[in-house]
Amino acid sequence: MCQECGCGSGGGDVKIGMHTHEPEHSHGHGHEHGHVHGIKTLDLNRSLMEKNALLAERNRGFFRAKKLLVLNVVSSPGSGKTTFIRETAARLGASLRVGVIVGDLATDNDAARLRTAGIPVVQITTGTVCHLDADMVSKAAAQLDLDQLDVLVIENVGNLVCPADYDLGEELRVVLLSVTEGEDKPLKYPPMFHSANVAIITKKDMASAAGFNRDLALLNLQRVSHHARIFELSAKTGDGMKAWLDFLVEQNAAAKHK
Amino acid sequence: MWFFSRNISSFGKVQPDIAKCAEWFDFLARPVHVDGASMHEVSIMTEALRMAVDAARSAGASRVLKLRLRVGRLSGVVPESMQFAFDVVCHDTMAAGASLEIEAVQAACWCATCQAEFECADFFNECPRCHNVSGELRRGRELEIAAVEIS
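Residue numbers (our numbering), protein chains in the order written: chain P, 948 to 1205; chain Y, 52 to 202.
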């Protein structure tokens, strides 16, 4: 059999257990342990993200079985993820129960903010790691009573680069762009914006003070995330929140029937 | 990786047994503190090393001499950082002193109008034939371990 892929070409019959093998074979059968003679090259051809991809799919299957709508919220630091999540949970109130997993390099300040609002929350402090991965999420989710939740929000580490590569097993990836950040953020970080299912322009109430060019921002967003649903809102004033909450209710209903 | 991880399983040869060895788990649990390399590259090189050592052990080898990676030009990782992170994570393992070879993969977009690929340097590009813009990246986001040299 072919050594590379087991395709059956390039060799005669192999009968394991009957010691039938070609005379060219140089290995013996008496070895207690295998060893390599000289230098050998093994072809692997595997993705370096394979382990995370497998764990993420496992998470996704688990969350779907729990009928849970899972969001992975990503943005640069300071674009308002925590306020946005807190207001989303507060405004959904009793209609949809929200739990949160928060990722930060250090401190549990974000978790404390959410906990004060009465939201079940687990903090992951990653230490030096710039992103959450599927394994961290799986361990953190085990600390929440998922059966009491309808929506699980994962607040990723504030970073628009690395989290793009790490699937967490979420149903929707939500990227935030605040009006103070500049309209060209989607062009500067295309992998993240391209991978998002939902793009949200936050801090809408500050748009005129920041000199925000809405048309340009929307154009850039549509160019990179042409498939994403776009919302514009201010979590602080509540302006625009209704459309987002209606969308969540609709998505949650879909998750219940998956 | 967003480009592969959603629905497409690009690599058929998935080996289900992951890190049987207790010593290896200890290694993975060890915090890595590196100045000068982005943590992203450290995570990626840790995974590359894990795969290489796994493959070498399964083949009965005692040393890993070389890793060959395939990295897309738009994968977002920095080759210099990968080399730096590699030297650090390999320290005190069977891959200590191993060399790292990185094969860069040119990025290419798909043009729906021409029904053909064209090479590109960014995520959004104009097709050189019909001048329509395409954002459908077909190559260039690879992060793969191609081969490992063992003895």
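Where a beta carbon is used, it is the ideal one built from N, C-alpha and C, also for glycine.
Could you tell me the alpha carbon to alpha carbon distance between residue i and residue j, rounded to whole angstroms?
i	j	result
residue 93 of chain Y	residue 1042 of chain P	42 Å
residue 1058 of chain P	residue 1021 of chain P	16 Å
residue 1066 of chain P	residue 153 of chain Y	46 Å
residue 1047 of chain P	residue 1069 of chain P	6 Å
residue 1108 of chain P	residue 1178 of chain P	22 Å
residue 1064 of chain P	residue 1028 of chain P	15 Å
residue 170 of chain Y	residue 1129 of chain P	29 Å
residue 928 of chain P	residue 1138 of chain P	Here chain P comprises residues numbered 948 to 1205, so residue 928 of chain P is not present and cannot be evaluated.
residue 155 of chain Y	residue 128 of chain Y	11 Å
residue 1199 of chain P	residue 1116 of chain P	16 Å
residue 98 of chain Y	residue 997 of chain P	9 Å
residue 1103 of chain P	residue 196 of chain Y	27 Å
residue 135 of chain Y	residue 119 of chain Y	15 Å
residue 1094 of chain P	residue 1013 of chain P	7 Å
residue 147 of chain Y	residue 96 of chain Y	13 Å
residue 1197 of chain P	residue 182 of chain Y	39 Å
residue 1025 of chain P	residue 160 of chain Y	33 Å
residue 1189 of chain P	residue 186 of chain Y	32 Å
residue 984 of chain P	residue 121 of chain Y	27 Å
residue 194 of chain Y	residue 1040 of chain P	43 Å
residue 1071 of chain P	residue 166 of chain Y	46 Å
residue 1005 of chain P	residue 109 of chain Y	25 Å
residue 1125 of chain P	residue 1181 of chain P	9 Å
residue 1112 of chain P	residue 198 of chain Y	22 Å
residue 960 of chain P	residue 1081 of chain P	Reliability of the predicted coordinates at residue 960 of chain P is poor, the pLDDT of 36 falling under 50, and no value is obtained from them.
residue 72 of chain Y	residue 105 of chain Y	Caution is warranted here: a pLDDT of 38 is assigned to residue 72 of chain Y, below 50, making its placement in the model unreliable, and no coordinate value can be reported.
residue 1077 of chain P	residue 1053 of chain P	11 Å
residue 1118 of chain P	residue 1044 of chain P	17 Å
residue 144 of chain Y	residue 1167 of chain P	46 Å
residue 1278 of chain P	residue 1038 of chain P	Residue 1278 of chain P is absent from the model: chain P starts at 948 and stops at 1205.
residue 1144 of chain P	residue 1174 of chain P	7 Å
residue 188 of chain Y	residue 1193 of chain P	33 Å
residue 1009 of chain P	residue 1158 of chain P	44 Å
Count the other CB atoms within 10 Å of the CB of residue i; is the residue buried (16 or more) or exposed (fewer)?
i	result
residue 1086 of chain P	exposed
residue 184 of chain Y	exposed
residue 81 of chain Y	With a pLDDT of only 39 at residue 81 of chain Y, under the threshold of 50, the placement of this residue in the model should not be trusted; the figure read from the coordinates follows. Label assigned to residue 81 of chain Y: exposed.
residue 172 of chain Y	exposed
residue 978 of chain P	Because the pLDDT of residue 978 of chain P is 48, which lies under 50, any placement of that residue in the model is unreliable, and the question is left without a value.
residue 1148 of chain P	buried
residue 1151 of chain P	buried
residue 1164 of chain P	buried
residue 176 of chain Y	buried
residue 1184 of chain P	exposed
residue 1110 of chain P	buried
residue 1162 of chain P	exposed
residue 180 of chain Y	exposed
residue 1035 of chain P	buried
residue 1156 of chain P	exposed
residue 1204 of chain P	exposed
residue 150 of chain Y	exposed
residue 986 of chain P	exposed
residue 58 of chain Y	Unreliable placement is indicated for residue 58 of chain Y, whose pLDDT of 33 sits below 50; the coordinate value is still reported in the next sentence. Its Cβ having fewer than 16 others within 10 Å, residue 58 of chain Y is exposed.
residue 200 of chain Y	buried
residue 1003 of chain P	buried
residue 1056 of chain P	exposed
residue 112 of chain Y	buried
Give me the DSSP bridge partner(s) of residue i.
i	result
residue 161 of chain Y	Y/168
residue 1050 of chain P	P/1071
residue 990 of chain P	Y/198
residue 1179 of chain P	P/1148
residue 190 of chain Y	Y/159
residue 1045 of chain P	P/1098
residue 1019 of chain P	P/1101 and P/1120
residue 176 of chain Y	Y/185
Compute every distance between the C-beta of residue i and the non-hydrogen atoms of the ligand GDP, then say whether any falls below 6 Å.
i	result
residue 1041 of chain P	Ligands are entirely absent from the displayed structure, and the ligand GDP is therefore not among its contents.
| field | Whole runs of the alpha helix (DSSP H) within the segment 1068-1146 of chain P, excluding any shorter than 4 residues | value | 1081-1088, 1132-1135 and 1137-1142
| Secondary structure, beta strand (DSSP E): runs of 3+ residues fully inside the segment 101-166 of chain Y | 115-123, 150-156 and 159-162
| request: Could you run through the segment 145-177 of chain Y and flag, in chain order, every residue whose CB is less than 7 Å away from some CB of chain P? | output: 174 and 175
| request: Name, going along the chain, the residues of the segment 119-131 of chain Y whose beta-carbon falls closer than 7 Å to a beta-carbon of chain P. | output: 127
| Contacting positions in the segment 993-1020 of chain P - beta carbon closer than 9 Å to chain Y | 993, 994, 995, 996, 997, 998, 999, 1000, 1001, 1003 and 1004
| task | Could you name the residues of the segment 1045-1067 of chain P whose beta carbon sits closer than 7 Å to any beta carbon of chain Y, in the order they occur along the chain? | result | none
| request: Identify each residue in the segment 1078-1105 of chain P for which the Cβ-Cβ distance to at least one residue of chain Y is less than 8 Å, and report them in chain order. | output: 1078 and 1080
| query | Which residues, in order along the segment 93-104 of chain Y, keep a beta-carbon less than 7 Å from a beta-carbon of chain P? | reply | 94, 95, 98, 99 and 102
| field | Residues, ordered as in the chain, of the segment 186-201 of chain Y that lie near chain P by beta-carbon distance below 9 Å | value | 186, 188, 192, 193, 194, 195, 196, 197, 198, 199, 200 and 201
| field | chain Y contacts made by the segment 1171-1198 of chain P, where a contact means CB separation under 8 Å | value | 1171 and 1173
| Positions along the segment 1118-1139 of chain P whose CB lies within less than 7 Å of some CB in chain Y | 1137 and 1138
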